[in-house]
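Worksheet: the structure to be examined is printed underneath.
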Amino acid sequence: NAGVTQTPKFRILKIGQSMTLQCTQDMNHNYMYWYRQDPGMGLKLIYYSVGAGITDKGEVPNGYNVSRSTTEDFPLRLELAAPSQTSVYFCASSYGSGGSNQPQHFGDGTRLSIL
Amino acid sequence: TQLLEQSPQFLSIQEGENLTVYCNSSSVFSSLQWYRQEPGEGPVLLVTVVTGGEVKKLKRLTFQFGDARKDSSLHITAAQPGDTGLYLCAGARDKLVFGAGTILRVKS
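For the record, the sequence lines run as chains A and B.
Just so you know, the first sequence maps onto residues 107 to 221 in this note's numbering.
Just so you know, the second sequence maps onto residues -15 to 92 in this note's numbering.
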């Protein structure tokens, strides 16, 4: 089973460039999430979606945008990349909401460096 | 400021030793999840505890949810090198809130 698939796995960007991190899931989950993980800081929620066509900001949304045109896909867009956006990005999905007891299923991450 | 405080941040022990990881908050959660993450991979759920005072066992791992549903602990008995990884607790409110994690290294 594929689960949650993220591409690319690694990327180096120059300051000011833009890119899209791709995320797709094949579990028919309504809920999808984007997190960033920095050393010693745990996972911080960037954006989330409760279903196709519906997105909302998380804890650290500045500098990012998302869209959810289908149940399966939840891309994360970085506009005008900045060094502070150097991080490991994780996409996750779940059957129920983050406040429920449902587990979140994570992709393997995208390691992004902004130079 | 972390809503969920995990301690210790880093733990390096010898194979066969016991250890406990703590996850504390001043907030009440509807449930508490524990994840394990290996290098280059995403977190994977180990267990969910829901009821205050609940204890769950997963082989050599014992998870406990505090009576007031504000804290949790993970105890590993006779740690093995395969237990090495990053352990994350996550509290469920309207969204899932993650602790900063505990890096565990078990040396053979």
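Every residue gets a Cβ at the ideal spot worked out from N, C-alpha and C, and that includes glycine.
None of the values given here were measured: they were computed from a predicted structure.
Near Asp132 (chain A), which residues of its chain fall below 6 Å by C-beta distance, leaving aside the five closest residues on each side in sequence?
Start at 1 with the first residue of the first sequence, and residue 132 (chain A) comes out as number 26. Around Asp132 (chain A): Ala108.
Under 7 Å: does the beta carbon of Pro65 (chain B) sit that close to some heavy atom of the ligand HEM?
Among the ligands in the structure shown, none appear at all, so the ligand HEM cannot be discussed.
Below-8 Å beta-carbon distance, Pro181 (chain A) vs any chain B residue:
Here the question's residue 181 (chain A) lines up with position 75 in the first sequence. Not an interface residue.
Residue(s) in a DSSP beta bridge with Arg174 (chain A):
Stepping through the first sequence from its first residue, residue 174 (chain A) is reached at position 68. Per DSSP, none; premise fails for Arg174 (chain A).
Asp78 (chain B), buried or exposed, once every other Cβ within 10 Å from all chains shown has been counted against 16:
In the second sequence, the residue the question calls residue 78 (chain B) occupies position 94. Per the 10 Å Cβ criterion, exposed.
Anything in chain B within Cβ reach of Gln210 (chain A), meaning under 7 Å, just list it in chain order.
The residue given as residue 210 (chain A) occupies position 104 in the first sequence. The contacting residues are Leu80.
With a threshold of 8 Å between beta carbons, is Ser14 (chain B) in contact with chain A?
Here residue 14 (chain B) refers to the residue found at position 30 when the second sequence is read from its first residue. True, the Cβ-Cβ gap to chain A drops below 8 Å.
Rounded to whole angstroms, what's the CA-CA distance from Gln112 (chain A) to Ile118 (chain A)? Just pull it up for me.
The residue labelled residue 112 (chain A) in the question sits at position 6 within the first sequence. The residue labelled residue 118 (chain A) in the question sits at position 12 within the first sequence. Approximately 16 Å, taken between the alpha carbons.
Roughly how many angstroms lie between the CA atoms of Cys7 (chain B) and Lys120 (chain A), to the nearest whole one?
Locating residue 7 (chain B) in the second sequence gives position 23, counting from the first residue. Locating residue 120 (chain A) in the first sequence gives position 14, counting from the first residue. Between Cys7 (chain B) and Lys120 (chain A), the C-alpha separation is close to 38 Å.
State the Cα-Cα distance for the pair Tyr141 (chain A) and Thr126 (chain A), rounded to the nearest angstrom.
By 1-based counting over the first sequence, the position of residue 141 (chain A) is 35. By 1-based counting over the first sequence, the position of residue 126 (chain A) is 20. Approximately 14 Å between the Cα atoms of the pair.
Keeping to the same chain, check which residues put their C-beta closer than 7 Å to that of Ala188 (chain A); ignore five residues upstream and five downstream.
Along the first sequence, one-based indexing puts residue 188 (chain A) at 82. Same-chain partners within the cutoff: Ile121, Gly169 and Ile220.
Starting from Ala198 (chain A), trace the beta strand (DSSP E) in both directions and tell me its first and last residue.
Mapped onto the first sequence, residue 198 (chain A) falls at position 92. Start and end: Ser193 to Ser200.
Taking the straight line between their C-alpha atoms, what separation do you get for Thr130 (chain A) and Thr46 (chain B)?
Translated into positions along the first sequence, residue 130 (chain A) becomes position 24. Translated into positions along the second sequence, residue 46 (chain B) becomes position 62. Distance between the alpha carbons of Thr130 (chain A) and Thr46 (chain B) is about 33 Å.
What residue from B:Gly50, B:Ser(-9) and B:Ala74 has the CA that sits closest to Thr35 (chain B)'s CA?
Here residue 35 (chain B) refers to the residue found at position 51 when the second sequence is read from its first residue. With distances taken between Cα atoms, Thr35 (chain B) lies closest to B:Gly50.
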